[in-house]
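Residue 0 is where the sequence shown starts when you use numbering that gives the first Met the number 0, and the numbers rise one by one after that. Note that beta-carbon positions come from the ideal geometry of N, C-alpha and C, so glycine has one too. Quantities reported herein were computed from a predicted structural model and do not represent experimental measurements. Beneath this line is the structure, given in structure tokens, with notes to follow.
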Amino acid sequence: MINNRLNEQDPEVFSLIEKETDRQNQNAEMIASENFASKAVMEAAGSVLTNKYAEGLPSKRYYGGCKFVDVIEDLARDRAKSLFKADWVNVQPHSGAQANAAVYLTFMKPGDKLLGFDLSHGGHLTHGSPVNFSGILYDAHFYGVEESTGRLDYDKIRDKAKKVKPKMISIGASAHPRDFDYEAFRDIADETGAFLWMDMAHTAGLIAAGLLNDPLPWCHVVTTTTHKTLRGPRGGMILVGKDKENTLGVVAPKSGRTKNWSELLDSAVFPGTQGGPLMHIIAAKAVAFGEALNPEFVTYQKQVIKNAKAMADKFVSLGYNLVSGGTDNHLVLIDLRNKGITGKTAEAILGKAEITVNKNMVPFDTESPFVTSGIRIGAPAMTTRGMGTEEFEYLAVLMDKVLSNPENNDLHVKTAEEVKELCQRFPLYNFVTV
Ligand SMILES: *Cc1c(COP(=O)(O)O)cnc(C)c1O
Numbered sequence: 000m001i002n003n004r005l006n007e008q009d010p011e012v013f014s015l016i017e018k019e020t021d022r023q024n025q026n027a028e029m030i031a032s033e034n035f036a037s038k039a040v041m042e043a044a045g046s047v048l049t050n051k052y053a054e055g056l057p058s059k060r061y062y063g064g065c066k067f068v069d070v071i072e073d074l075a076r077d078r079a080k081s082l083f084k085a086d087w088v089n090v091q092p093h094s095g096a097q098a099n100a101a102v103y104l105t106f107m108k109p110g111d112k113l114l115g116f117d118l119s120h121g122g123h124l125t126h127g128s129p130v131n132f133s134g135i136l137y138d139a140h141f142y143g144v145e146e147s148t149g150r151l152d153y154d155k156i157r158d159k160a161k162k163v164k165p166k167m168i169s170i171g172a173s174a175h176p177r178d179f180d181y182e183a184f185r186d187i188a189d190e191t192g193a194f195l196w197m198d199m200a201h202t203a204g205l206i207a208a209g210l211l212n213d214p215l216p217w218c219h220v221v222t223t224t225t226h227k228t229l230r231g232p233r234g235g236m237i238l239v240g241k242d243k244e245n246t247l248g249v250v251a252p253k254s255g256r257t258k259n260w261s262e263l264l265d266s267a268v269f270p271g272t273q274g275g276p277l278m279h280i281i282a283a284k285a286v287a288f289g290e291a292l293n294p295e296f297v298t299y300q301k302q303v304i305k306n307a308k309a310m311a312d313k314f315v316s317l318g319y320n321l322v323s324g325g326t327d328n329h330l331v332l333i334d335l336r337n338k339g340i341t342g343k344t345a346e347a348i349l350g351k352a353e354i355t356v357n358k359n360m361v362p363f364d365t366e367s368p369f370v371t372s373g374i375r376i377g378a379p380a381m382t383t384r385g386m387g388t389e390e391f392e393y394l395a396v397l398m399d400k401v402l403s404n405p406e407n408n409d410l411h412v413k414t415a416e417e418v419k420e421l422c423q424r425f426p427l428y429n430f431v432t433v
């Protein structure tokens with residue numbers, strides 16, 4: 000109905016949304032950071048809540064008329080807490096990068112040292128890249144994986160931390176196919192007097208389902224996006240596992256009471272780095288967390304890992320080099336150097352075959368970030384459509400055909416038809432428009 004009105008009022012935007020709906024329907028969506036939110040999540044995100052200003056926190060707002068949005072935000076917070084067994088959570092960050100900004104504002108002064116996971120080894124821009132505020136405002140140092148194994152060496156990270164003496168150590172990645180040892184990281188952080196921060200933007204859904212190591216008991220603070228494996232609306236969130244141990248010695252001016260860092264994190268989100276929260280998105284987060292508390296969510300996440308592993312095994316059998324040799328999670332990172340093709344070309348020709356992936360740096364890459372030697376392929380989105388290991392193996396075979404014949408345009412077009420046929424067997428949304 001809303002879409003009919005949109006069609007009447009603004010057919011230009013309406014038809015572009017329709018085209019994008021078709022693209023999502025007919026395309027093998029294998030970008031590791033993407034997923035398909037449910038209709039219920041999108042309904043909440045498209046609701047009248049977009050009209051409401053609600054600066055502050057539930058029952059402590061700077062605006063009137065918040066009696067219903069207060070309940071909604073409390074629901075989102077309570078569900079997130081039970082999903083991750085967290086003592087404290089803030090569901091207001093507009094995105095993963097915004098959640099991270101609030102963490103820096105809480106724990107770091109400009110010029111303080113950060114020890115983060117190297118971007119070119121799988122880390123994220125917001126972990127100290129020179130083109131991001133985190134690398135501009137803070138003194139960023141990096142640890143990375145071993146060239147021979149594609150894995151972290153915790154003794155080397157410890158040595159690096161002892162040398163750098165960072166104020167904060169960050170964990171978390173956008174393109175690392177292996178799990179992290181949070182206990183080892185906490186030991187390093189304790190030995191060097193650093194705060195430990197995990198950014199689980201990519202893996203939050205797998206962690207919520209109990210299928211990867213849990214960072215909450217070990218890290219001082221944890222951030223995430225809500226739209227990747229967690230399969231909610233586009234947004235961010237901050238969590239603290241154990242609220243009781245958290246004091247930075249900051250004293251509240253009026254009461255003279257020492258503030259918890261969870262309180263400082265709340266202030267770092269608003270007014271520190273954001274204005275009014277997106278209440279429609281917070282409602283959609285509540286819906287998504289409700290879905291994630293369902294037993295079916297665990298079944299889904301188990302299938303994500305199975306599918307990623309099946310695809311990884313198929314690629315290995317076809318002669319591809321996978322960073323770290325395989326995967327523990329939802330993604331594989333292929334080093335294409337032995338195939339004589341760059342990440343940029345691979346992304347472009349797979350795109351012609353209606354398979355969407357992204358080019359990605361591999362550790363110790365010899366190409367620039369615009370060209371790269373790798374591609375990152377994720378399982379979350381196509382698993383949401385209902386595909387299993389057989390389809391993921393088939394997709395790996397199709398990708399191999401395209402990558403082995405980079406100049407053969409006819410083959411790319413033919414593959415696109417095969418991808419469309421596959422997608423038709425797994426309809427994305429059983430309604431015409433979003
Ligand atoms: C995706 C991602 C982010 C950023 O999330 P946005 O919502 O795009 O701002 C931050 N950290 C990591 C590790 C990510 O993968």
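Counted within 10 angstroms of its Cβ, other Cβ atoms place residue i as buried (16 or more) or exposed
i: Leu-402; result: buried
i: Asp-77; result: exposed
i: Asp-460; result: Residue numbering for the chain in the displayed model covers 0 to 433; residue 460 lies beyond these limits and cannot be assessed.
i: Arg-424; result: exposed
i: Pro-109; result: exposed
i: Asp-117; result: buried
i: Lys-155; result: exposed
i: Thr-228; result: buried
i: Asn-408; result: exposed
i: Asn-337; result: exposed
i: Ala-75; result: buried
i: Ile-135; result: exposed
i: Asn-259; result: buried
i: Leu-15; result: exposed
i: Asn-131; result: buried
i: Ala-39; result: exposed
i: Lys-358; result: buried
Boundaries of the beta strand (DSSP E) in which residue i is found, first to last residue
i: Tyr-167; result: Strictly speaking, residue 167 in this sequence is Met, with Tyr absent from that position. Start and end: 167-170.
i: Asn-259; result: 257-259
Bridge partner(s) assigned by DSSP for residue i
i: Ala-139; result: Leu-113
i: Asn-359; result: Gly-373
i: Asn-320; result: Asp-334
i: Arg-60; result: Gly-55
i: Thr-222; result: Asp-198, Ile-237
i: Leu-151; result: Val-144
i: Ile-354; result: Ala-27
i: Val-250; result: Thr-257
6 Å Cβ shell around residue i - same chain, five flanking residues per side excluded
i: Arg-233; result: His-226
i: Tyr-52; result: Tyr-62, Gly-275
i: Asn-26; result: Glu-353, Thr-355
i: Pro-216; result: Gly-240
i: Cys-422; result: Gln-25
Sequence-distant residues of its chain with Cβ nearer than 8 Å to residue i (five each side left out)
i: Gly-441; result: Here the chain has residues from 0 to 433 only, and residue 441 is not among them.
i: Val-396; result: Lys-313, Leu-317
i: Glu-190; result: Arg-157, Ala-160, Lys-161
i: Thr-383; result: Asn-34, Phe-35, Arg-230, Tyr-299
DSSP three-state assignment for residue i, whether helix, strand or coil
i: Gly-235; result: strand
i: Ala-27; result: strand
i: Trp-217; result: coil
i: Leu-5; result: helix
i: Ser-14; result: helix
i: Thr-432; result: Because the pLDDT at Thr-432 is just 40, under 50, the model does not fix this residue reliably, and the point stays unresolved.
i: Val-412; result: helix
i: Ile-340; result: coil
i: Val-130; result: coil
i: Met-0; result: Its pLDDT being 45, under 50, Met-0 is placed unreliably by the model, and the measurement read from it follows with that caveat. Met-0 falls in the coil class under three-state DSSP.
i: Ala-160; result: helix
i: Glu-295; result: helix
i: Thr-365; result: coil
i: Pro-426; result: coil
Element boundaries [alpha helix (DSSP H), containing residue i]
i: Asp-198; result: That residue, Asp-198, is in no alpha helix (DSSP H); its beta strand (DSSP E) goes 194-198.
i: Val-88; result: Here Val-88 belongs to no alpha helix (DSSP H); instead the beta strand (DSSP E) covers 87-89.
i: His-279; result: 278-291
i: Leu-104; result: 95-106
i: Ser-403; result: 388-403
i: Lys-84; result: Note, Lys-84: premise wrong, no alpha helix (DSSP H); not H, not E.
i: Asp-189; result: 181-191
i: Glu-42; result: 38-44
i: Pro-379; result: 379-383
i: Ala-207; result: 203-207
Close-in-space but distant-in-sequence residues of the same chain around residue i (CB under 7 Å, 5 per side omitted)
i: Ser-261; result: Trp-87, Val-239, Asp-242, Asn-245
i: Ile-340; result: Leu-402, Pro-405
i: Leu-104; result: Ala-267, Gly-271, Thr-272
i: Pro-368; result: Met-360
i: His-93; result: Gly-234, Gly-235, Gln-273, Leu-277
i: Met-398; result: Leu-349, Ile-354
i: Gln-97; result: Gly-235, Thr-272, Gln-273
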